[in-house]
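> What follows is a single structure, and I will ask about it in a moment.
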Ligand code: GLV
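In structure tokens:
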């Protein structure tokens, strides 16, 4: 039994060291070093090269090192009959919530516009908005979405939420399903997307949805680039129906230099870093599942393959 770490972002050694420190008796390899493929029972992965999971005949668990698992379903050579687990981590949720709060406050107080004006030495006071006058809509009320919604309530915003199935969160008006979508969107001055990316939600941030948002609404996408129809977003920003967008995720990452988002004055971009798995807090749950795998106990944070999250 052993673990292989598969990722392409230069962080294999960091994760390997963290696993070794967490439990020195566990055998762990980076996929780019020589390793006994038949001995591997758990693959700890993040955006692995497609097809690489097929190299392990005795794999018993695919552990995503992040909250999202969409990239695993995009790999049609990934083993089908074994559990996929994902990270459920308080820091992943609170980091996301802090990022969303920062994006909203910066916009309410015109920071992105002032930064643009500053580059032209342009002194131009702008009207600012108050938290108490703003409604934030959170799409997706899973671990990250529900904490973000609760924190926004504590900060003083009016908060509405939307999810596939009905949820109840104190202080949040929750809508669900297709019928709940329209009243939810109509109320959302800021729309925060924290949905999982599935066949149901791909392209959900499209012209039809944007049309239902109030005039001047602002979109924050911190879920996946695949949720957005890029041309629709640009069209709705350019015609002034949307006042702006703050994006952390893109169809292609890093976003190609020629993409129109880079130079768009109403788009605020961050490089998919709103909330990042911290080895210190994530490795213990990976090792816990590894132990459970070794002793045939049920795993934690298992993904529902039918739902896709
Ligand atoms: C980050 O995007 C994650 O899914 O953890």
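Numbering (my numbering), first residue to last: 14 to 322.
For every residue, glycine included, the Cβ atom is placed at its ideal position computed from N, Cα and C.
Keep in mind the model is a prediction, meaning the values are calculated, not measured.
Classify residue 191: buried if its beta carbon has 16 or more other beta carbons within 10 angstroms, exposed otherwise.
For the purposes of this step, residue 191 is identified with residue 178 of the chain shown, where counting begins at 1. Per the 10 Å Cβ criterion, exposed.
> Could you compute how far the alpha carbon of residue 204 sits from the alpha carbon of residue 139?
Looking up residue 204 in the chain shown gives position 191. Looking up residue 139 in the chain shown gives position 126. Taking the straight line joining both Cα atoms gives about 22 Å.
> Evaluate contact between the stretch 85 to 100 and the stretch 65 to 76, counting only Cβ atoms and requiring at least three cross-stretch pairs below 8 Å.
yes
> DSSP three-state label for residue 288, please.
On the chain shown, position 275 is the one that residue 288 refers to. Reduced to three states, the DSSP call for residue 288 is coil.
> So which of 318, 283, 254 and 316 has the shortest CA-CA distance to residue 115?
One-based indexing of the chain shown puts residue 115 at position 102. That would be 283, whose Cα lies nearest to the Cα of residue 115.
> What is the chain-ordered set of residues for which the beta carbon lies under 5 Å from any non-hydrogen atom of ligand 1?
79, 80 and 81
> With a threshold of 7 Å on Cβ separation, who are the neighbours of residue 119 within its own chain once the five nearest residues in sequence on each side are excluded?
As a working note, residue 119 is residue 106 in the chain shown. The answer, listed in chain order, is 125.
> Do the CB positions of residue 286 and residue 255 come within less than 9 Å of each other?
In the chain shown, the residue the question calls residue 286 occupies position 273. In the chain shown, the residue the question calls residue 255 occupies position 242. Pairing residue 286 with residue 255 gives a Cβ-Cβ distance that is not under 9 Å.
> Please classify residue 238: does DSSP put it in a helix, a strand, or coil?
One-based indexing of the chain shown puts residue 238 at position 225. Residue state for residue 238 is assigned as helix, using DSSP reduced to three classes.
> Which first and last residues belong to the alpha helix (DSSP H) in which residue 28 is found?
To locate residue 28, count along the chain shown from 1; it is residue 15. Segment 25 to 35, the alpha helix (DSSP H) holding residue 28.
> Between residue 267 and residue 248, what straight-line distance do the alpha-carbon atoms span, to the nearest angstrom?
Here the question's residue 267 lines up with position 254 in the chain shown. Here the question's residue 248 lines up with position 235 in the chain shown. One C-alpha to the other measures close to 23 Å.
> Please work out which residues of its chain come closer than 7 Å, Cβ to Cβ, to residue 168, disregarding the five sequence neighbours upstream and downstream, and give them in chain order.
Residue numbering aside, residue 168 sits at position 155 when the chain shown is read from its first letter. 114 and 144.
> Keeping to the same chain, check which residues put their C-beta closer than 8 Å to that of residue 217; ignore five residues upstream and five downstream.
The residue given as residue 217 occupies position 204 in the chain shown. The residues are 152, 206, 208 and 240.
> Can you look up residue 223 in the DSSP assignment and give me helix, strand or coil?
For the purposes of this step, residue 223 is identified with residue 210 of the chain shown, where counting begins at 1. Here residue 223 sits in helix by DSSP.
> Within the stretch 43 to 124, note down every full alpha helix (DSSP H) run reaching 4 residues or more, in order along the chain.
Fully enclosed alpha helix (DSSP H) runs of 4 or longer: 83 to 86 and 103 to 121.
> In angstroms with no decimal places, state the Cα-to-Cα distance between residue 50 and residue 160.
The residue you call residue 50 lines up with position 37 of the chain shown. The residue you call residue 160 lines up with position 147 of the chain shown. C-alpha separation (whole angstroms): 39 Å.
> Take residue 46 as the anchor and find which of 19, 37, 61 and 54 has the nearest alpha-carbon.
The sequence position of residue 46 within the chain shown is 33, counting from 1. It is 19.
> If we ignore side chains and look at the alpha-carbon of each, how far apart do residue 60 and residue 290 end up?
Here residue 60 is taken as the residue at index 47 of the chain shown, counted from 1. Here residue 290 is taken as the residue at index 277 of the chain shown, counted from 1. Taking the straight line from one Cα to the other gives about 13 Å.
> In terms of residues, what are the limits of the alpha helix (DSSP H) holding residue 166?
Start at 1 with the first residue of the chain shown, and residue 166 comes out as number 153. Unbroken alpha helix (DSSP H) run through residue 166: 156 to 168.
> I need the boundaries of the beta strand (DSSP E) containing residue 203, first residue and last residue.
For this step, residue 203 is matched to residue 190 along the chain shown. Where residue 203 is concerned, the enclosing beta strand (DSSP E) stretches over 203 to 206.
> When you compare only the Cα positions, how much space is there between residue 242 and residue 263?
The count along the chain shown starts at 1 and reaches residue 242 at position 229. The count along the chain shown starts at 1 and reaches residue 263 at position 250. Cα to Cα, the separation comes out at about 10 Å.
> Is DSSP giving residue 260 helix, strand or coil here?
Here residue 260 is taken as the residue at index 247 of the chain shown, counted from 1. Here residue 260 sits in strand by DSSP.
> Would you mind working out which of 162, 317, 318 and 302 sits nearest residue 2, comparing C-alpha positions?
What is shown of the chain runs 14 to 322, which leaves residue 2 out entirely.
> Using the rule of at least 16 other Cβ atoms within 10 Å of the residue's Cβ for burial, across every protein chain shown, is residue 54 buried or exposed?
One-based indexing of the chain shown puts residue 54 at position 41. By the neighbour-count rule (16 or more Cβ atoms within 10 Å), residue 54 is buried.
> Can you check which of these residues, 197, 183, 170 and 166, is closest to residue 176 by C-alpha distance?
Stepping through the chain shown from its first residue, residue 176 is reached at position 163. The residue among 197, 183, 170 and 166 with its C-alpha nearest the C-alpha of residue 176 is 197.
> So what does DSSP say about residue 231, is it helix, strand or coil?
Counting from 1 along the chain shown, the entry for residue 231 is found at position 218. In this structure, residue 231 counts as strand in the three-state DSSP scheme.
> Between residue 90 and the rest of its own chain, which residues show a CB-CB distance below 6 Å, the 5 nearest in sequence each way excluded?
The residue labelled residue 90 in the question sits at position 77 within the chain shown. Closer than 6 Å at the Cβ level, and outside the excluded window around residue 90, lie 64 and 67.
> Which residue comes first and which comes last in the beta strand (DSSP E) that contains residue 215?
By 1-based counting over the chain shown, the position of residue 215 is 202. Per DSSP, residue 215 belongs to no beta strand (DSSP E) and is neither H nor E.
> Near residue 200, what residues of its chain come up, given a Cβ to Cβ distance below 6 Å and the 5 sequence neighbours on each side ignored?
Walking along the chain shown from the start, residue 200 turns up at place 187. 148 and 173, listed in sequence order.
> Under three-state DSSP, which class holds residue 143?
Counting from one through the chain shown, the residue named residue 143 turns up at place 130. Coil, per DSSP.
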